[in-house]
Amino acid sequence: MVKPIEAIKNNTITIKKQAEAPIPTPWGLFNMIAFSGKSDDWMPHFALVHEHFDPDHPVLTRVHSECITGDLFGSARCECGEQLHKSMELTAQAGGIVLYLRQEGRGIGIINKLKAYNLQDLGDNTIEANEHLHLPIDARSYDVAVQMLQTIGVRQIRLLTNNPAKIEAIEHSPIEMLEIVPLIIDPKPENVEYLRTKKRDMGHLINWPDNKE
Ligand SMILES: [Zn+2]
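Heads up: the sequence shown begins at 2 in our numbering, then just goes up one per residue.
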């Protein structure tokens, strides 16, 4: 059986809307749409489409990859949870969309991510830990995000990201990207090294004030 992430990478899954329902959140009312290639999928991707979404205007869009530790449990090892909540706030203000892709741990899965955390506690950075586990540094793919946006009827976006891989993925897609909107979260003592690695070694467009460099 093809693993979900491999299938996404190889673009062999054609996903479609399986179900949708309005979800009132602290940031506003979103229509939550579950996308998958099959109706009984327990790990569908989600699109959270704000009630004021208008496909005739450039849509503020966040493409967020699942991070159970950060998104759900508020872990300070990364800034994912804060990025997700900030994205919900900003997209709610702009009638935008948050896409929530089920590619945990940059696509290596939660079990491998926890193992990588152990290596990080012994001194590896986020890249070295994956290399020591013989895992890809970033196994994520964004083809599925493009499919989801096209299904929703989005043609033009303002992309909320610091990640050059996401920018490149949209640039090579039929979706027109009119603007890149940075998503800056203040670093915490627990994640400042992680964020430095993202900026220095993974090319993330993080512009902190000088005293936070
Ligand atoms: Zn995270």
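The beta-carbon is built from N, C-alpha and C at its ideal position, and this holds for glycine as well.
Check                                                                                                                                   : Outcome
Inter-stretch contact at 8 angstroms, needing at least 3 Cβ pairs: the region 91 to 98 / the region 150 to 161                          : yes
Residue from 70, 22, 24, 49 with nearest C-alpha to residue 61                                                                          : 49
Residue 1 (DSSP reduced to helix, strand or coil)                                                                                       : Residue 1 is absent from the model: the chain starts at 2 and stops at 214.
Contact test: residue 204 Cβ vs ligand 1 heavy atom, cutoff 6 angstroms                                                                 : no
Three-state secondary structure (DSSP) of residue 35                                                                                    : strand
Any non-hydrogen atom of ligand 1 closer than 6 angstroms to residue 71 Cβ                                                              : yes
3-residue-minimum beta strand (DSSP E) runs that sit fully inside the region 60 to 132, ordered along the chain                         : 60 to 66, 98 to 102
Chain-order list of residues whose beta-carbon lies under 7 angstroms from that of residue 2 (same chain, five-residue window excluded) : Below a pLDDT of 50, predicted positions are generally treated as unreliable, and residue 2, at 40, falls in that range; no measurement from the model is reported.
Short Cβ contact (7 angstroms threshold) for residue 72 with residue 107                                                                : no
Cβ-based neighbour list, residue 17, same chain, cut-off 8 angstroms, excluding 5 preceding and 5 following                             : 36, 37, 38, 152
Residue 153 in three-state terms, based on DSSP                                                                                         : helix
Identified DSSP bridge partners for residue 26                                                                                          : 29
Host alpha helix (DSSP H) of residue 196 (start-end)                                                                                    : 193 to 202
Residues that DSSP places opposite residue 169 in a beta bridge                                                                         : In the DSSP output, where bridge partners are listed per residue, residue 169 has none listed.
Option nearest residue 67 by Cα separation, candidates 89, 26, 110                                                                      : 110
Top-ranked residue by Cα proximity to residue 93, from 144, 25, 196                                                                     : 25
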